[in-house]
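These protein sequence lines map, in sequence, to chains Y and A.
Going from the first sequence to the working numbering is simple: count from 1 and add 1.
Going from the second sequence to the working numbering is simple: count from 1 and add 6.
Note that beta-carbon positions come from the ideal geometry of N, C-alpha and C, so glycine has one too.
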Amino acid sequence: MRQSNEAPLWALFSAGGVVAAFLIPIHLFLFGLAFPLGWLGTPSYEHLMELVRSPLVKLYLLVLCSLPLFHWAHRFRYTLYDGLKVKHLNEVIFTLCYGGAVVGSVLAAYVLWSIK
Amino acid sequence: MQQLTNAPLYTEYHPRWYRPHVSVYWWLGQWRYLKFILRELSSVFVAAVIVMTLFQLRALRNGPEAYAHFQQRMQSPVIIAFAVISLFFVVFHSITWFNLTPRAMPVRLRGKRIPEWMVAAPNYALWAIVSFIISWLVLGGRG
Chain Y
2 MRQSNEAPLW
12 ALFSAGGVVA
22 AFLIPIHLFL
32 FGLAFPLGWL
42 GTPSYEHLME
52 LVRSPLVKLY
62 LLVLCSLPLF
72 HWAHRFRYTL
82 YDGLKVKHLN
92 EVIFTLCYGG
102 AVVGSVLAAY
112 VLWSIK
Chain A
7 MQQLTNAPLY
17 TEYHPRWYRP
27 HVSVYWWLGQ
37 WRYLKFILRE
47 LSSVFVAAVI
57 VMTLFQLRAL
67 RNGPEAYAHF
77 QQRMQSPVII
87 AFAVISLFFV
97 VFHSITWFNL
107 TPRAMPVRLR
117 GKRIPEWMVA
127 APNYALWAIV
137 SFIISWLVLG
147 GRG
């Protein structure tokens, strides 16, 4: 039987789903709505930098950015397969979705690394 | 009566599998299918929030002016409208995800399955706590 790579990808999907479910809504609420609309006092640049400089927060942000992207890759791939019935483009979609997740994770790691 | 010498008449047998034609819009017909597709599409908005976070981190790294510029861009009505739609979808993801836990891990107590809401409820409590801690940290302890 051909070995399938679904199991590790499914594990990433599921881990990313958990991270996204717990963390993404509050991030969007704060930085996408509450601060831009002035519902809550915007934290200062210095305060945010202080947070982001801490290695623990960097690790947190890397997990926050990386795992949910693999969650997205998995779901979006199957939505394209089933929803739009484009299974014949299998390999292209696979590469674009997981490639996107890898690129996003690398970018996150790079930006976090370069914050001094 | 047919002559036995005649070549027998065969009809060629083409087995045809029963494959009903499914339209590309199959998921529009029923609410539960639509809900499924909307749930799957929530992942696109999850990815969008991550893109927002990446831009934010890059702006932070580039200095106070870059960050002020980022904040200004986040105030544009188009971005706000997109944020509202995204919030609907990412919350939809959280709710559907939490409600799936009892299906994925049925908890049994003395041989009996405990009700689904009792397995899902701790997720909501944890969600509230985690959201509070993040807000508190971001607001610098004054929230």
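Residue i - containing alpha helix (DSSP H), residue span
i: Phe77 (chain Y); result: 56–79
i: Pro108 (chain A); result: 83–110
i: Phe36 (chain Y); result: Segment: none, Phe36 (chain Y) is in no alpha helix (DSSP H) and carries neither H nor E.
i: Lys41 (chain A); result: 37–68
i: Leu143 (chain A); result: 122–144
i: Val30 (chain A); result: First-last for Val30 (chain A): undefined, no H or E at that position.
i: His28 (chain Y); result: 7–29
Whole-Å CB distance - residue i paired with residue j, under 8 angstroms assumed
i: Trp46 (chain Y); j: Tyr73 (chain A); result: Before going on, a small fix: residue 46 (chain Y) reads as Tyr here, not Trp. Right, the Cβ-Cβ distance comes to about 5 angstroms (below 8 angstroms), so this counts as a contact.
i: Leu31 (chain Y); j: Ser141 (chain A); result: 6 angstroms
i: Asp65 (chain Y); j: Leu113 (chain Y); result: The residue asked about is misnamed: residue 65 (chain Y) is Leu in this sequence, not Asp. Not confirmed; about 10 angstroms, so no contact.
i: Ser115 (chain Y); j: Arg67 (chain A); result: 6 angstroms
i: Pro133 (chain A); j: Phe23 (chain Y); result: Reading off the sequence shown, one finds Trp at residue 133 (chain A), where the question assumed Pro. Rounded, the Cβ-Cβ distance is 6 angstroms, consistent with contact.
i: Pro37 (chain Y); j: Met80 (chain A); result: 4 angstroms
i: Ala109 (chain Y); j: Leu60 (chain A); result: 6 angstroms
i: Lys86 (chain Y); j: Val30 (chain A); result: 6 angstroms
i: Val144 (chain A); j: Pro44 (chain Y); result: 6 angstroms
i: Ala89 (chain A); j: Gly42 (chain Y); result: Ala89 (chain A) to Gly42 (chain Y), Cβ: 18 angstroms. No contact.
Bridge partners - residue i, DSSP secondary structure assignment
i: Leu108 (chain Y); result: Leu108 (chain Y) is not bridged to any residue.
i: Arg119 (chain A); result: A:Arg114
**Asked** Three or more C-beta pairs closer than 8 angstroms, one from the region 104–111 of chain Y and one from the region 47–57 of chain Y: is that the case here?
**Response** no
**Prompt:** Taking three-plus beta-carbon pairs below 8 angstroms as touching, is the region 113–128 of chain A in contact with the region 87–94 of chain A?
**Reply:** no
**Message:** So if I threshold CB-CB distances at 9 angstroms, which residues from the region 41–53 of chain Y count as touching chain A?
**Reply:** Leu41, Gly42, Thr43, Pro44, Ser45, Tyr46, Glu47, His48, Leu49, Met50, Glu51, Leu52, Val53
**Message:** Counting beta carbon pairs with one atom in the region 7–22 of chain Y and one in the region 34–43 of chain A, are three or more of them shorter than 8 angstroms?
**Reply:** no
**Prompt:** Is the region 10–29 of chain A touching the region 24–39 of chain Y in the sense that three or more CB pairs, one from each, lie closer than 8 angstroms?
**Reply:** no
**Asked** Do three or more CB pairs link the region 74–94 of chain Y to the region 58–65 of chain Y at distances below 8 angstroms?
**Response** no
**Request:** Check distances from the C-beta atoms of the region 89–106 of chain Y to those of chain A and list, in chain order, the residues that come in under 7 angstroms.
**Result:** Gly105
**Message:** Would the region 85–100 of chain Y count as touching the region 74–88 of chain A if we require 3 or more Cβ pairs under 8 angstroms?
**Reply:** no
**Message:** Using 8 angstroms as the cut-off, can you tell me whether the region 12–22 of chain A makes contact with the region 62–75 of chain Y, which would need three or more C-beta pairs spanning the two stretches below that distance?
**Reply:** no
**Request:** Note down, in chain order, all residues in the region 24–37 of chain Y with a beta-carbon under 8 angstroms from any beta-carbon belonging to chain A.
**Result:** Leu24, Ile25, Pro26, Ile27, His28, Leu29, Phe30, Leu31, Phe32, Gly33, Leu34, Phe36, Pro37
**Request:** Anything in the region 29–59 of chain A with a Cβ closer than 7 angstroms to a Cβ of chain Y? List those residues in chain order, please.
**Result:** Val30, Trp33, Ile43, Glu46, Leu47, Ser49, Val50, Val52, Ala53, Val55, Ile56, Met58, Thr59
**Request:** Determine which residues of the region 52–73 of chain Y have a Cβ less than 8 angstroms from any Cβ of chain A, and write them out in chain order.
**Result:** Leu52, Val53, Leu62, Leu65, Cys66, Pro69, Leu70, His72, Trp73
**Item:** Residues from the region 98–130 of chain A in contact with chain Y, defined by Cβ distance under 7 angstroms
**Value:** His99, Ser100, Trp103, Phe104
**Item:** Interface residues of the region 62–74 of chain A facing chain Y [CB-CB below 9 angstroms]
**Value:** Gln62, Leu63, Arg64, Leu66, Arg67, Gly69, Pro70, Tyr73, Ala74
**Prompt:** Residues in the region 75–86 of chain Y with C-beta within 9 angstroms of chain A's C-beta atoms, listed in sequence order?
**Reply:** His75, Arg76, Phe77, Tyr79, Thr80, Asp83, Gly84, Leu85, Lys86
**Message:** At a CB distance below 8 angstroms, what residues from the region 134–146 of chain A approach chain Y? Give them in sequence order.
**Reply:** Val136, Ser137, Ile140, Ser141, Leu143, Val144, Leu145, Gly146
**Prompt:** Using Cβ-Cβ distances below 9 angstroms, what residues of the region 83–95 of chain A are close to chain Y?
**Reply:** Ile85, Ile86, Phe88, Ala89, Val90, Ser92, Leu93
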